[in-house]
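Engineer: The first sequence begins at -5 in the numbering used here and counts up by one. Here a beta-carbon is modelled for each residue, glycine too, at the ideal position from N, C-alpha and C.
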Amino acid sequence: MALRLFNTLSAKVEEFRPLVGNEVRMYACGPTVYDYGHIGNFRTFIAVDILRRYLQLGGYKVKHVMNITDVDDKIIRNAAAAGLTVQQYTAKYQKAFFEDAGALRIEQPQIVRATENIARMAEFIAKLVEMGYAYKTDDGSYYFRIAKFPAYGKLSKKDFAGMEDGARVDVDEYEKDNARDFALWKAPKPGEASWDSVIGPGRPGWHIECSVMSMQELGESFDLHAGGEDLIFPHHENEIAQSESLTGKPFAHFWFHARFLLVEGEKMSKSAGNFFTLRDLVLKGYKPSTIRYLLTSVPYRNQLNFTFDGLQQAAASVDRLRNFRQRLAGKFADGSSLTMTTLGQQTSKRLRDALDDDLNTAQGQAAIFDMIRAVNTAMDAGNVKSGDVAALLAPLEQFDRIFSVLQDDDVAQMQRIYEWAKAEGREKDISAELEEILRSSALTDAQIDAKVEQMVAARKARDFATSDKIRAELVAQGILIEQTKEGVLWRRK
RNA sequence: GGCGCGGUACCCAAGUGGUAAGGGAGAGGUCUGCAAAACCUUUAUGCGUCGGUUCGAUUCCGACCCGCGCCUCCA
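What follows is the structure, given as structure tokens:
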């Protein structure tokens, strides 16, 4: 495996190699659980998931850690407004996040939570104070002194040299030495959630969380740190400053950032009316697999324009993939052909080459679709033999270990979100499209198989009226019927 | 203002110093009792605009236009 990845730190595409042996230690910034996850969040998490899956496919053992930010200003404010504790407030959104990530087939990383590591954060800050990298202000808050860390700006390529002396910074209204200094620890305000610690009462700043938890789980230097592009500055820059100041060692070696997406050509925002959570889309009748496919169809460093038209197209693409796999599971004449085996091998190689190239998912998809067209043509001509199936299935399964859209558990996931919507009093958001898809789960596989058999029998007897009637019933139940050379196939809408 | 990314067919979107992947949609056709699926053909002398370098540029350089991101915790 020769994966080449863009490293934000070097601003170049570099060959990725773990620091030690065959294990990749990676840390990803996770969600702040104050609301349901939106598709922008999930673009980033899916990009990281693709990376993780590809590393695993390449034979690496991946230790993938992700934090849950379960305390921050917004959470404290919202919880207080709702009359709940911080933990009560965040529990609901944490649960929702894991469900949604699961629906999108994101492999779950090892989870660490801010609120479970507060003592360690306080100790970390105490050490920074001892070393002169941090200082306490009169109100009991702590700040990092960026003037002590000359490399500050190396990730985001910002030049703070002129600010080191603080000459042009108005510091009068702050207690900070320099306006750029960032909070490590915030002193409690009256009525706010607060934790006692070796450095006094308060709560951790956002940046310190990730430094402490990543190094706790992965060591002082580890392989890769990921997040959305907005985190480059200040979050990741600050993590580097804190961590490298404390240890004197390089922190993460690779920095992986996913580009933001646009929705219908605009920045996603609540005010623009183009803000969608995963659940919003499912209620409109879009399948999780469709959403995942769309989010993987543009390489992670390119801006992705998320549109409803794009969702329709993605759905068609996923259907094509699933139809193909289903067709490959059919019966073929004995024998095998060099052409098909070679095609399978070439496709695997194209797939690997595409993903090796900074995870070019679009090219990977093109490789698999090229194969699908060629194999469909061969099947139509009767040129695919039973001995070819394994060789053709191999690249398809390799593809799916990365993209993960073939296995159809969409209806179960949608059913769960449907129940949730009813429980939350959001019946009015449940679309007719969603209800139609859910109807397709009313019949069991055995019941459908039986109906299909009746239909085939009627057709053999040239009783087309009966055959069409059965087919119409199945279609009304959301079951799609296909006649192929290899027999009658069905699938749920 | 500073730093950075991008503008490719009807839509989404790869890509390359040597003549434009893939998916979707549309049109025509094959197969089929009819559907559906699948397959075939077809849709950019053209890759934001204008210059430049080059035997040759969509690909490199420059200017301009447009979109987007970051520059006080938004993935």
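(1) What span of residues does the alpha helix (DSSP H) with residue 93 cover, start to end?
(2) Buried or exposed for residue 184, going by 16 or more other Cβ atoms inside 10 Å?
(3) Below 8 Å CB to CB, which residues in the same chain sit around residue 92 once its five sequence neighbours on both sides are set aside?
(4) Give me the Cα-Cα distance between residue 148 and residue 203, rounded to the nearest whole angstrom.
(5) Give the range of the alpha helix (DSSP H) segment to which residue 287 is assigned.
(6) Going by beta-carbon coordinates alone, are residue 129 and residue 139 separated by less than 8 Å?
(7) Rounded to whole angstroms, what is the Cα-Cα separation between residue 358 and residue 222?
(8) To the nearest angstrom, how far is it from the Cα of residue 187 to the Cα of residue 207?
(9) Among residues of its own chain, excluding the 5 on either side of residue 151, which ones have a beta-carbon nearer than 8 Å to its beta-carbon?
(10) Would you say the region 16 to 31 touches the region 75 to 95, given that touching needs at least three Cβ pairs under 8 Å?
(11) Relative to the C-alpha of residue 240, which candidate in 363, 120, 194 and 440 has its C-alpha closest?
(12) Return the first residue and the last residue of the beta strand (DSSP E) that residue 55 is part of.
(13) Among 64, 279 and 104, which one has its Cα closest to the Cα of residue 110?
(14) DSSP three-state call for residue 503: helix, strand or coil?
(15) List the whole-angstrom C-beta distance separating residue 338 from residue 388, where the pair is believed to meet the contact cut-off of C-beta under 8 Å.
(16) What is the DSSP secondary structure of residue 217, counted as helix, strand or coil?
(17) Could you name the residues that DSSP lists as bridge partners for residue 180?
(18) Check the C-beta distance from residue 217 over to residue 13 and give it rounded, since I have them as a contact under 8 Å.
(19) To the nearest angstrom, report how far apart residue 192 and residue 116 are at their CA atoms.
(20) Which word fits residue 71, buried or exposed, when buried means at least 16 other C-beta atoms lie within 10 angstroms of its C-beta?
(21) From the DSSP output, in three-state form, read off residue 7 for me.
(22) Entirely within the region 381 to 441 and at least 4 residues each: give me those alpha helix (DSSP H) ranges in chain order.
(23) Taking the alpha carbon of residue 51 as the point to measure from, which residue in -3, 69, 78 and 83 has its own alpha carbon closest?
(24) Sort out for me which residues DSSP pairs residue 136 with in a bridge.
(25) Quick one: measure Cβ to Cβ for residue 489 and residue 226, integer angstroms, because I've assumed they're closer than 8 Å.
(26) Buried or exposed for residue 454, going by 16 or more other Cβ atoms inside 10 Å?
(27) Can you round the beta-carbon distance between residue 33 and residue 290 to whole angstroms, since I take them to be within the 8 Å contact cut?
(28) With distances taken from CA atoms, which of 44, 56 and 37 is nearest residue 15?
(29) Quick one: complete beta strand (DSSP E) runs, 3+ long, within the region -5 to 54?
(30) Compute the distance between the beta-carbons of residue 83 and residue 95, then report whether it is under 8 Å.
(31) Could you have a look at residue 104 and say whether DSSP puts it in helix, strand or coil?
(32) Going by beta carbon distance, what residues of the same chain come within less than 6 Å of residue 538, once the five residues before and after it are set aside?
(33) Enumerate in chain order the residues of its own chain whose CB-to-CB distance from residue 7 is below 8 Å, with the five nearest sequence positions on each side excluded.
(34) According to DSSP, what are the bridge partners of residue 477?
(35) Should residue 452 be counted as a contact of the ligand GDP given a C-beta to heavy atom distance under 7 Å?
(36) Over the uninterrupted beta strand (DSSP E) stretch that includes residue 250, give me the two end residues.
Structural biologist: Well, looking at it:
(1) To locate residue 93, count along the first sequence from 1; it is residue 99. Where residue 93 is concerned, the enclosing alpha helix (DSSP H) stretches over 80 to 97.
(2) Within the first sequence, the letter at position 190 stands for residue 184. Burial call: exposed.
(3) Locating residue 92 in the first sequence gives position 98, where the first residue counts as 1. So the qualifying residues of the chain are 102.
(4) Here residue 148 refers to the residue found at position 154 when the first sequence is read from its first residue. Here residue 203 refers to the residue found at position 209 when the first sequence is read from its first residue. Residue 148 and residue 203: Cα-Cα distance of roughly 20 Å.
(5) Position 293 of the first sequence holds residue 287. 282 to 290 is the extent of the alpha helix (DSSP H) around residue 287.
(6) The count along the first sequence starts at 1 and reaches residue 129 at position 135. The count along the first sequence starts at 1 and reaches residue 139 at position 145. Result yes, Cβ atoms of residue 129 and residue 139 sit closer than 8 Å.
(7) Translated into positions along the first sequence, residue 358 becomes position 364. Translated into positions along the first sequence, residue 222 becomes position 228. Distance between the alpha carbons of residue 358 and residue 222 is about 23 Å.
(8) Here residue 187 corresponds to residue number 193 of the first sequence, with the count starting at 1. Here residue 207 corresponds to residue number 213 of the first sequence, with the count starting at 1. Cα to Cα, the separation comes out at about 21 Å.
(9) If you number the first sequence from 1, residue 151 lands on position 157. Excluding its 5 nearest sequence neighbours in each direction, residue 151 has C-beta neighbours in its own chain below 8 Å: 5, listed in chain order.
(10) yes
(11) Working through the first sequence from its first residue, we reach residue 240 at position 246. Of 363, 120, 194 and 440, the residue nearest in Cα terms is 120.
(12) Counting from 1 along the first sequence, the entry for residue 55 is found at position 61. From DSSP, the beta strand (DSSP E) with residue 55 extends over 55 to 62.
(13) The residue you call residue 110 lines up with position 116 of the first sequence. Here the closest residue by C-alpha is 64.
(14) Nothing can be reported for residue 503: it is not among the residues displayed for the chain, which extend from -5 to 487.
(15) The residue labelled residue 338 in the question sits at position 344 within the first sequence. The residue labelled residue 388 in the question sits at position 394 within the first sequence. Residue 338 to residue 388, Cβ: 6 Å. Contact.
(16) Residue 217 sits at position 223 when you count from the first residue of the first sequence. Here residue 217 sits in strand by DSSP.
(17) If you number the first sequence from 1, residue 180 lands on position 186. In the DSSP output, where bridge partners are listed per residue, residue 180 has 197.
(18) Stepping through the first sequence from its first residue, residue 217 is reached at position 223. Stepping through the first sequence from its first residue, residue 13 is reached at position 19. Yes, residue 217 and residue 13 are in contact; Cβ-Cβ is about 6 Å, under 8 Å.
(19) Your numbering for residue 192 matches position 198 in the first sequence. Your numbering for residue 116 matches position 122 in the first sequence. Taking the straight line from one Cα to the other gives about 6 Å.
(20) Counted from its first residue, the first sequence places residue 71 at position 77. The residue in question, residue 71, is exposed, as its Cβ has fewer than 16 Cβ neighbours within 10 Å.
(21) As a position in the first sequence, residue 7 is number 13, starting the count at 1. Three-state DSSP puts residue 7 in a strand.
(22) 383 to 397, 404 to 417 and 426 to 433
(23) Within the first sequence, numbered from 1, the residue matching residue 51 stands at position 57. Measuring from the Cα of residue 51, the nearest candidate turns out to be -3.
(24) Locating residue 136 in the first sequence gives position 142, counting from the first residue. Residue 136 pairs with 130 and 179.
(25) Residue 489 is absent from the model: the chain starts at -5 and stops at 487.
(26) One-based indexing of the first sequence puts residue 454 at position 460. Residue 454 is exposed by the Cβ-count criterion.
(27) Taking the first residue of the first sequence as position 1, residue 33 is located at position 39. Taking the first residue of the first sequence as position 1, residue 290 is located at position 296. Not quite, the Cβ-Cβ distance comes to about 12 Å (not below 8 Å), so this is no contact.
(28) Locating residue 15 in the first sequence gives position 21, counting from the first residue. Closest by alpha carbon: 56.
(29) -2 to 1, 6 to 9 and 17 to 22
(30) Your numbering for residue 83 matches position 89 in the first sequence. Your numbering for residue 95 matches position 101 in the first sequence. No.
(31) Translated into positions along the first sequence, residue 104 becomes position 110. Of the three classes helix, strand and coil, the one that applies to residue 104 here is strand, per DSSP.
(32) Residue 538 lies beyond the stretch modelled for the chain, which goes from -5 to 487, so this question has no answer here.
(33) Within the first sequence, residue 7 is the residue found at index 13, counting from 1. The answer, listed in chain order, is -2, -1, 0, 1 and 352.
(34) Numbered from 1 along the first sequence, position 483 holds the residue referred to as residue 477. Bridge partners of residue 477: 482.
(35) No copy of the ligand GDP occurs in the structure displayed, which carries no ligand at all.
(36) Within the first sequence, residue 250 is the residue found at index 256, counting from 1. For residue 250, the enclosing beta strand (DSSP E) covers residues 246 to 252.
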